[in-house]
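**Q**
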Amino acid sequence: MINPYPIMKKILLLITCTCCSLAAWAEQQIPGGKSQQPPLFPIELREEFPEAEQTFAEVKSRLLKHYYSDRLSEDALYYAAIQGMLRHVSPPSNKNLAQLWSPSQYRTFADVLQGVQTAIGLRLSLNQGDGSLTVQQISPNSPAEGQFAVHDRILRINGEPLRGKNHAGINQMLAGDIGTPITFTVVRDIEVFDITLTRRQFHVQNLSVKILDNLAYLTIKNVADNTAQELASTLSQLHKEGVNQLVIDLRNNGGGDFFEGLRMAESLLPKDDVILRILQQDQHIQNYVSTNAEAPAFEMIILVNQNTASSAEIFAAALRDHNKARLVGTRTHGKATVEGTYSLKNGYYAKFIIAAMYSPRGQSWHGKGLLPDYFIESDASRIDKLRALPLQQQLAADLQLATAWNLLKGK
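According to this note's numbering, the sequence shown is numbered sequentially starting from 5.
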């Protein structure tokens, strides 16, 4: 995922190493010493493969001896084998989730969790099949706001095709000095056109609030550094003002920082409530538990859609499991895995799944998403435009928000 938000400054080397600072956690042995949960996706061989190590060496030797091109090297075969291993342990829906990064590729990602810094305000994902980029999120107040729509596909940057480019190559194309232009060739529906932006600095606003009739509509666009702190401060202020009903909008929120998602849920869950359970290789379930002794009480509805993913799904699942919120919208994206990134002796980095996530009630949403309590369809590409409207106008045009509003008002 290419996530160019300038304020994010962290990447996790081992995501399970820093959990104690956010909430108390406890380990409990699964009965019988082994997990009762099946793997999230098939990873076992369908039939026996005898003498695996020797067979690998034999195939490698025959390739080096008989392959038609003398440019094939032993290093290339080892590299391809590692890439194959990582693809094998990636889910079928995203075979590039596990990755091997060169030092230069890793440095590109080092400033931002799963992404790079640019000054255009787009969060993009790379489509390995055709090399295009898909717009996942648009930062408010950025050059991209009002120009791009979620799900736009980018085919060229400054006239250069993206097919065959890797993350590092695309990052180089996106990079540039403040004040310089950058042109994208975009496909939207069946229309192809160019969009030219000028790179500039901008403040990323992940959280915004509108209030009407003592009911607060709170939008969280991304789970980035300090989002949880901003949310806690906002909730405290709303509570002081006597607001006791909330609509929290997580539509098109693709997640972000794992621990920020936990802290966000902790801001609304009282002490000792389980926020998340993760299952690791040692067959222990690690429970992340709230330590919040003063969690404010609100009647809540959370808006979700197919682009609500990862950390945003952690938040939604935790609040619903504790009967703190109902979900309105469409089924969420369905990412319930935790990835760790490990440094290797040769300077490369390997990223792969290190844990599976389960809701407080022990349910996985991986590959299937969270099913809302009230299924209401809406065009995900129109969400940002709807949010830009004054609240009363948005209520008239946004069926999902209007449904949540009426549920809270008892209509």
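From the three backbone atoms N, C-alpha and C, an ideal C-beta is built for every residue, glycine too.
#1: Alpha carbon to alpha carbon, what distance is there between residue 139 and residue 124?
#2: Using C-beta distances below 8 angstroms, list every residue in its chain close to residue 310, excluding the 5 sequence neighbours before and after it, in chain order.
#3: Between which two residues does the beta strand (DSSP E) carrying residue 214 extend?
#4: Just verifying my parser: in three-state terms, what is the DSSP assignment at residue 409?
#5: Find the nearest neighbour of residue 366 within the set 197, 282, 312, 332, judged by alpha-carbon distance.
#6: What runs of the alpha helix (DSSP H), each 4 residues or longer, lie entirely inside the stretch 189 to 267?
#7: Grouping DSSP H, G and I as helix and E and B as strand, with all else coil, what is residue 271?
#8: Which residues in the same chain have their Cβ closer than 7 angstroms to the Cβ of residue 274, if we skip the five residues on either side of it in sequence?
#9: Can residue 267 be considered in contact with the ligand PLP, in the sense that its beta carbon sits closer than 7 angstroms to one or more heavy atoms?
#10: Should residue 332 be labelled buried (16 or more other beta-carbon atoms within 10 Å of its own) or exposed?
#11: For residue 342, which residues from the same chain have a beta carbon less than 8 angstroms from its beta carbon, with the 5 sequence-adjacent residues on both sides left out?
#12: Under a three-way DSSP split, which group does residue 59 fall into?
#13: DSSP three-state label for residue 175, please.
#14: Sort 181, 253, 245, 183 by Cα distance to residue 212 and report the nearest one.
#15: Using CA atoms only, rank isn't needed, just tell me which of 194, 173, 191, 198 is closest to residue 185.
#16: Leaving out the 5 sequence neighbours to the left and right, which residues in its chain are closer than 6 angstroms to residue 206 when beta-carbon positions are compared?
#17: May I ask you to verify whether the stretch 320 to 327 touches the stretch 55 to 63, counting CB pairs closer than 8 angstroms and requiring at least 3?
#18: What does DSSP give as the partner residue(s) for residue 341 in the beta ladder?
#19: Mark residue 202 as exposed unless 16 or more other C-beta atoms lie within 10 angstroms of its C-beta, in which case mark it buried.
#20: Within 10 angstroms of the Cβ of residue 417, are there 16 or more other Cβ atoms? Answer buried if so, exposed if not.
#21: I'd like to know whether the C-beta atoms of residue 104 and residue 81 end up nearer to each other than 8 angstroms.
#22: With a threshold of 8 angstroms, are at least 3 pairs of Cβ atoms found where one atom belongs to the stretch 276 to 292 and the other to the stretch 303 to 317?
#23: Can you confirm whether the stretch 235 to 251 touches the stretch 214 to 221 when touching is taken to mean that 3 or more C-beta pairs between the two stretches lie within less than 8 angstroms?
**A** This is what the structure holds:
#1: Here residue 124 corresponds to residue number 120 of the sequence shown, with the count starting at 1. Here residue 139 corresponds to residue number 135 of the sequence shown, with the count starting at 1. Rounded to whole angstroms, the gap between the alpha carbons of residue 124 and residue 139 is 12 angstroms.
#2: As a first step, residue 310 is located in the sequence shown; it is residue number 306 there, counting from the start. 334, 335, 336, 337, 373, 384.
#3: Looking up residue 214 in the sequence shown gives position 210. Residue range 211 to 216 is occupied by the beta strand (DSSP E) that includes residue 214.
#4: Walking along the sequence shown from the start, residue 409 turns up at place 405. If DSSP states are grouped into helix, strand and coil, residue 409 belongs with the helices.
#5: The residue given as residue 366 occupies position 362 in the sequence shown. Here the closest residue by C-alpha is 282.
#6: Every alpha helix (DSSP H) of 4 residues or more that sits fully in the stretch 189 to 267 is shown, in chain order, as 231 to 244.
#7: Residue mapping note: residue 271 aligns to position 267 of the sequence shown, counting from 1. In the structure shown, residue 271 adopts coil according to DSSP, grouped into three states.
#8: Your numbering for residue 274 matches position 270 in the sequence shown. Exclusion of the five residues before and after residue 274 leaves 294, 296, 299 as the residues of its chain whose Cβ lies within less than 7 angstroms of its Cβ.
#9: As presented, the structure is devoid of all ligands, the ligand PLP included, so that no description of it is given.
#10: Stepping through the sequence shown from its first residue, residue 332 is reached at position 328. So residue 332 ends up on the buried side.
#11: As a working mapping, residue 342 is identified with position 338 in the sequence shown. These residues qualify, in order along the chain: 19, 20, 262, 282, 357, 358, 359, 360, 361.
#12: On the sequence shown, residue 59 is found 55 positions in, with the first residue counted as 1. Three-state DSSP puts residue 59 in a helix.
#13: For the purposes of this step, residue 175 is taken as residue 171 along the sequence shown, with counting starting at 1. Residue state for residue 175 is assigned as helix, using DSSP reduced to three classes.
#14: Within the sequence shown, numbered from 1, the residue matching residue 212 stands at position 208. Looking only at 181, 253, 245, 183, the smallest Cα-Cα distance to residue 212 is reached by 253.
#15: Numbered from its first residue, the sequence shown carries residue 185 at position 181. When only C-alpha atoms are compared, the closest one is 198.
#16: If you number the sequence shown from 1, residue 206 lands on position 202. Cβ contact annotation for residue 206 (same chain, cutoff 6 angstroms, sequence separation greater than five): 145, 146, in chain order.
#17: Look at the beta carbons and you see the stretch 320 to 327 not touching the stretch 55 to 63: under three pairs across the two are nearer than 8 angstroms.
#18: For the purposes of this step, residue 341 is taken as the residue at position 337 of the sequence shown. Beta-bridge pairing links residue 341 to 360.
#19: Along the sequence shown, read from residue 1 onward, the residue named residue 202 stands at position 198. By the C-beta density criterion, residue 202 is exposed, having fewer than 16 other C-beta atoms within 10 angstroms.
#20: This structure leaves residue 417 out entirely; the chain is present only between 5 and 415.
#21: Residue 104 sits at position 100 when you count from the first residue of the sequence shown. Residue 81 sits at position 77 when you count from the first residue of the sequence shown. In this structure, residue 81 does not lie closer than 8 angstroms to residue 104 by Cβ.
#22: They do not touch, by the three-pair rule.
#23: They touch, by the three-pair rule.
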